[in-house]
Amino acid sequence: MSDQTTHSMAGTQTPVFDSTGKLAAILIGVTAVVAGVVMGTANPFLRGAASSQGSQIDTLFSLFVGIATAIFIIVQGFLLFSIVRFARAPEDEGEGAPLRGNTKLEIFWTAVPALIVVFLAIYSYRVLADIDRPRPDQMVIEVTGRQFAWEFYYPDYDIKTAELHIPLGRQVLLKITSADVNHAFWIPQMRIKKDAMGGKITTANITATEPGVYPIVCAELCGAGHAVMRSQAVVEAEPTFQTWVQAQVGAKQRAVAAPADPKALGRQLYNQYGCNACHKLADAGAIGLVGPALDGIGSRAANVVPGQSAEEYIRTSIVKPTAFIVPNYQPVMPGDYGQRMSEADLNALVQYLLEQK
Amino acid sequence: MTADTVVGTGLVRHGGRKFSDYLVFNTDHKVIGIQYLVLAFTFFIIGGLLAELIRAQLAVPNNQLVTGSQYNLVLTLHGTIMIFLWIIPAFVGAANYVVPLMLGANDMAFPRLNAVSFWLLVPGGLLMLASFAVGGAESGWTAYPPLSVTTPVGQTLWALALQFIGFSSIFGAINFLVTVFNLRAPGMSLTRMPLLAWAIVATSLIIMLGTPVLSGALLLLILQRLLGAQFFTPGGGGNPLLWQNLFWFYSHPAVYIMILPGFGIISEVLPVFARKPIFGYKLIAFSSMAIAVFGFLVWAHHMFTSGMDPFLRVPFMVTSMIIAVPTGVKIFSWLATIWAGKLRFTTSMMFALAFISMFVIGGLSGIFLASVPIDIHVQDTYFVVAHLHYVLFGGSVMALFAGLYLWYPKLTGRMLDERLGHLHFWLTFMGFNLTFFPQHIAGLQGMPRRVYTYPPEFWALNLISSIGAFLMAIAVLPFLYNALRSLAVGKVAGPNPWRAFGLEWTLSSPPPVHNFPTPPVVEGDPYGYGERPVPGTRVVPAPGVAGGGE
Amino acid sequence: MKHVDPAKEALQPHRYPGVRTYLLVFAGLALLTLIEVAVSYITAGIRVPLLILLAALKALLVILFFMHLRYDSRWYAFIFFAPLVLVIPLIWVSLIR
Amino acid sequence: MSETTSSLTVHGRAASATGLDSAKLGMWLFLATEVMLFSAMIAGFLDMRGRSPADANHVLNIPVTAVNTFVLICSSLTVALSVASIEQGNQKRLRTFLLLTLLFGGTFLSVQVFEYTKLIGSGELTPWNSLFGAGFFAVTGLHGFHVFIGLIWCALTILWASQGKFSAQNFMRVEVFGLYWHFVDVVWIILFVLIYLM
Ligand code: HEA
Ligand code: HEA
Ligand code: CUA
Ligand SMILES: [Cu+2]
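Protein chains in written order, with the working numbering: chain H, 1 to 357; chain P, 358 to 907; chain W, 908 to 1004; chain S, 1005 to 1202.
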């Protein structure tokens, strides 16, 4: 190596911070600020929240989008500028400027992100405290997740449903739990999500601000039917909500007294026990995909298992699903319907399915 | 240089190595390094094919390609394989090969333990494949109980596989730490160490302190599954959150296990192709250690929507956001490193530059996630999937490729074809953004993760994503072809094809079996571009400019 | 048998404690165990902190004397005790309901 | 156990840039990982303990376990003495003390196995009938497994000792084994209080 110590280290030395570099730095800075403000204000990604908590989260999110856009532009801007400006000329075998550091610069880019981050944390904390704050007129709804359906219980009215109805503008306190594995209750349009866990009650506040029908989604992997564990939230004005409540209460009383319309009762049970989560059935408006579609089950049930009548087959399929596994399907149907259903409900459901010709 | 390199037709012999040496228990760190890399890459392809299956199923709504439980199995194995059998072992393999060379050591501190670490990975990988074959590991790579105690027997094999992989990691980490501390060549002071060595120290510390906690959690999971102990199930009085705490106590630091070596590699690649010293050496080294320490104090940011005590969310939000500071220091130092350099856009450099660009997107979405109110909305959605691929693919995988293109000549004695390299790069880069950028939006608009089907409104975003995934798979082909073909017909590299500093480049390519016959002389850190001449290379004097020299 | 390199000799300061110290430590450990069992029958509130203190004392005796941490390089002590800093948040957070 | 570069110079170069012995450094690093493992298990155990009735550990036999704890402490002493012996180059006492260690360690483990069979056999405490039982068997079982590994290691060390592999200048393997053994003792010291006495 000693014979090579004499040659030069650099070809044409690259200027470290000339006027072009300065201009670029200023341009990148200005673009970053402008783009940050524009993106933060416009926020094309998340808008139109249907709850007051959601609106606050969206505002916070917009702030993050603005700051992230600015940082993004700064990094990509300097990267691109360097790529264009400092590309090596093909014949240039020299070295770049031997810069090893700059204390002021390094303090600067340690301190500024630190400040930004502290600001973001404080702002986030305030939003969090706000969306967690209970209002005195809260209405409590108990939510239970189970593989693979949601169940809602209104303690004020003693009614149980498979669909969530909430009055517009009134804060609702959801008390969420699970009957089996973990689930997560999520209404995307309201930006609210909370895990459902067995042996534990978690809570979330929702104040709906827009009437409408919004999907309820399970967001925690809970087994084969996780993707179809969905329901919906209906937001309606207080009077409409009260009418709905009365209808539910009435339906419940009628069902106890005498089953009025067996078909309607069947539909209700089908959705109440979460069959809809897994079995498509046009008559009940169900779209589940986990199990076989039950359209026409009444006509084919007699021919599935030799020696079993249609009624026996359907009843066994519900009470002891593993007795016969339909080809190409997984044995994931819950095995505890026998315990969970009253004899009357079971009979009504079997009759209802037998009608599906 | 020593004439270990056998040049001629066919393969460049690896410093006197036979092909069969790579198939058996061998204690040479260079052999073990390549064993790791080949095994890991095999699993990358397996994990990648599983990903393609995921994207095929999700290309259209209501697709019937796989069932719900098959889908869960595929996504669990995809996540687990990519993390535990691709990224982690691939980095270990690369470091195994180059770090002892960079330090001027003749091998790792415990050569036999090193081989044991590798060979523990083999049963781990086989058990993982077995769990796929029998089915049942269907609860995601995070394996939350109670679901993970109700799933069929494959879940137990999955947990056992992770135990093996964990032991492999722990022994490897101890080995790296002792190697870096004790086997440095004379003159190689701590501040002359390559930054990759610093990164490996930080990584090994995390593995050492984190992985045992995962082992403990897995032990409990296995005992619950086999003995019916009720650790995690509320029915028996147990606590599902216990698993989440133990799992994330390991698995958040584990994401830094998967990125710190990448940071180290980038710090090696940029100076070589920018022809400049690394900017801010000490702060980069220090920030790796800071990330290692802080990384242990943020784990509950994965549990913001769980049943954890709500007041804990705030401290964990703050610590999570603080990680942006040391990470930002690295990003800005790298930008300063290429500033005023003489950039050569080799494939290695392209991947390194893309790393900076893509990792920042993933890091920024991480900051969104760290904010509790935002996370309440996006947790367990495709926004998280987008985040994790931007940091893991845009970060870790890009860094790995940058390193592979840099050191391939050292490992094999042959150059890779640069045209194919650029093809690989551009296909990957485009496919990657096409696949994962739309997922941010899908998540924000209401698409949860780990679903085998979705409402039709998300069709467009998912179709783009699936097309991108298809491009990414195609991108792997030129790389595979290039890597295999160049073994035989690539241009002979010579000891130092990139005119780089670093002790590894003072040896023949591939290096002799015993690395350094005489202890190397360490003149300074390996970033002296423009300050000292690169040993063993001839620099054409350029007219009219006074140079440094020694 | 490998020939022992003199350079390696220098690595090992042979300043370990003698048999007498070991026996004293042993006696201390035995005594503390007795005290622990006695304390475990107390019902007052200080029982738990007292027990933890006694256990920590015993552990320290073993670590400092039997494991020579008192006589060896500070690095070993750092390696061994530093993880305990992480253990505190781990246990604390796991126990919060 | 494996031959480490620490017990010799590497290709004519001093083995250590820090002056610390590689094998010993490696062992301490390994013990740090064990600290984390047992801490995780203890965190889990304390959680389960908190969810169990306050008197869940009343089925455990304190006097017997106290004696067993004493036995393990004895084994720690003998290991320490075996290191002290070889430090003086006394091969015979090295072997004697290691054998005593094997004996004490074996006794400890036997008593533990006996306790297990009794608890499970009588159904008083099993891993599946109570949360406390689950935690108890997981944590003490993991510790017992460590004792078991220690016994094998101890037997190997005795074998090496009888082959004359150690001397007053070269006994790092004995010392490293000792570190492991003492650590397992330390773990028990903690567990005894947490599980049996609290
Ligand atoms: C390589 C792996 C890797 C890396 C490096 C990171 C880095 C980060 N991650 Fe990520 N993360 C994952 C892998 C990784 N993550 C994975 C796999 C998951 C999903 C797990 C699962 O399956 O559930 C996940 C999930 C995840 C979550 C949970 C989401 C949820 O489930 O709800 C959170 C929440 O806080 C988070 C945060 C962060 C943060 C704050 C960082 C930070 O370290 C990022 C820091 C970097 C930057 C910020 C960019 C550079 C900095 C600057 C340019 C300076 C200026 C910047 C500012 C001032 C902001 N991550
Ligand atoms: C380093 C980690 C890593 C990497 C590299 C990848 C790579 C990819 N990942 Fe994945 N991914 C994870 C880690 C990773 N992933 C994790 C941790 C999860 C979470 C899991 C969970 O929720 O539990 C996840 C989840 C995940 C999901 C979400 C699933 C869900 O939630 O439902 C999706 C969906 O699109 C996806 C897609 C992809 C794609 C398209 C790639 C592509 O990059 C793949 C590129 C393709 C190839 C590499 C194929 C190459 C093969 C060939 C070309 C064939 C050649 C053939 C022969 C030689 C025989 N990944
Ligand atoms: Cu319930 Cu997912
Ligand atoms: Cu994390």
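Beta carbons: idealized from backbone N, C-alpha and C, even for Gly.
At least one heavy atom of ligand 4 sits closer than 7 Å to the Cβ of P:Val655. Chain order gives the chain H residues near P:Tyr809 as Ala227, where near means a beta carbon separation below 7 Å. Under the 8 Å criterion on CB atoms, H:Gln76 is classed as interfacial with respect to chain P. Listed by position along chain P, the residues whose Cβ is nearer than 8 Å to that of S:Ser1126 form an empty set, because the closest Cβ is around 18 Å away. Look at the segment 1043-1074 of chain S: the residues with a C-beta under 8 Å from a C-beta of chain P are Ser1043, Ala1044, Met1045, Ala1047, Gly1048, Asp1051, Met1052, Arg1055 and Ser1056. Taken atom to atom, the span from the alpha-carbon of P:Thr694 to that of H:Leu99 is near 8 Å.
Measuring C-alpha to C-alpha distances from P:Leu583 to each of P:Ile564, P:Val506 and P:His746 identifies P:Val506 as the nearest. Scanning chain W for C-beta atoms nearer than 8 Å to the C-beta of P:Ala657 yields Val1000, reported in chain order.
DSSP, reduced to helix, strand and coil, places H:Gly296 outside both helices and strands of the structure shown, so it counts as coil. Contact check between the segment 725-735 of chain P and the segment 665-679 of chain P: three or more CB pairs, one atom from each, fall below 8 Å, which counts as touching. Interface annotation for the segment 1023-1043 of chain S against chain W: Gly1023, Leu1024, Asp1025, Trp1032, Leu1033, Leu1035, Ala1036, Val1039, Met1040 and Ser1043, criterion Cβ-Cβ distance under 7 Å.
The C-beta of W:Gly952 comes no closer than 8 Å to any C-beta of chain S.
The beta carbons of H:Ala162 and H:Asn271 sit about 5 Å from each other, so the pair counts as a contact at 8 Å. When 7 Å is used as the limit between beta carbons, P:His746 is near no residue of chain H, the shortest such separation being about 17 Å. Residue range Leu552 to Leu584 is occupied by the alpha helix (DSSP H) that includes P:Leu575, with no beta strand (DSSP E) assigned at that position. Judged by DSSP in its simplified three-state form, P:Phe873 adopts coil rather than helix or strand.
Per DSSP, the continuous beta strand (DSSP E) segment holding H:Cys218 begins and ends at Gly212 to Cys218.
Between S:Ala1165 and S:Leu1106 a beta carbon distance of about 12 Å is seen, past the 8 Å cut, so the two are scored as non-contacting. Within the model, the alpha-carbon separation for P:Phe873 versus P:Ile444 is close to 29 Å. Rounded to the nearest whole angstrom, the C-alpha separation of P:Thr769 and P:Pro468 is 22 Å. By the neighbour-count criterion, in which a residue is buried when 16 or more other Cβ atoms sit within 10 angstroms of its Cβ, W:Val969 is buried. Chain-ordered listing is empty here: chain P has no CB closer than 8 Å to the CB of S:Trp1185, the nearest sitting near 19 Å. In this structure, P:Ser822 has its beta carbon less than 7 Å from a heavy atom of ligand 2.
Taking 8 Å as the threshold, the shortest C-beta distance from S:Ser1020 to chain P falls below it.
Within the same chain, Cβ atoms closer than 6 Å to the Cβ of P:Met707 are found at Phe782, the five residues on either side in sequence being excluded.
Assignment of P:Val682 by DSSP, reduced to helix, strand and coil, places it in the helix class. Taking the beta carbon of P:Gln520 as reference, no residue of chain S falls within 7 Å; the closest one sits roughly 12 Å away. P:Ser677 and P:Val395 have their C-alpha atoms some 35 Å from each other. Under the DSSP assignment, H:Thr31 falls in the alpha helix (DSSP H) whose first and last residues are Ser19 to Ala42. Three or more beta-carbon pairs separated by less than 8 Å link the segment 404-412 of chain P to the segment 434-454 of chain P, which places the two stretches in contact. Identification of residues in the segment 969-990 of chain W having a C-beta nearer than 7 Å to some C-beta of chain P yields Pro990, given in sequence order. Ligand 3 has no heavy atom closer than 7 Å to the beta-carbon of P:His781. Boundaries of the alpha helix (DSSP H) around H:Ile318: Ala310 to Val319. Interface flag for W:Gly935 against chain S is unset, since no Cβ pair is found closer than 8 Å. P:Gly859 and P:Lys699 have their C-alpha atoms spaced approximately 19 Å apart.
Restricting attention to P:Val878, P:Ala416 and P:Val491, the CA atom closest to the CA of P:Phe815 is found in P:Ala416.
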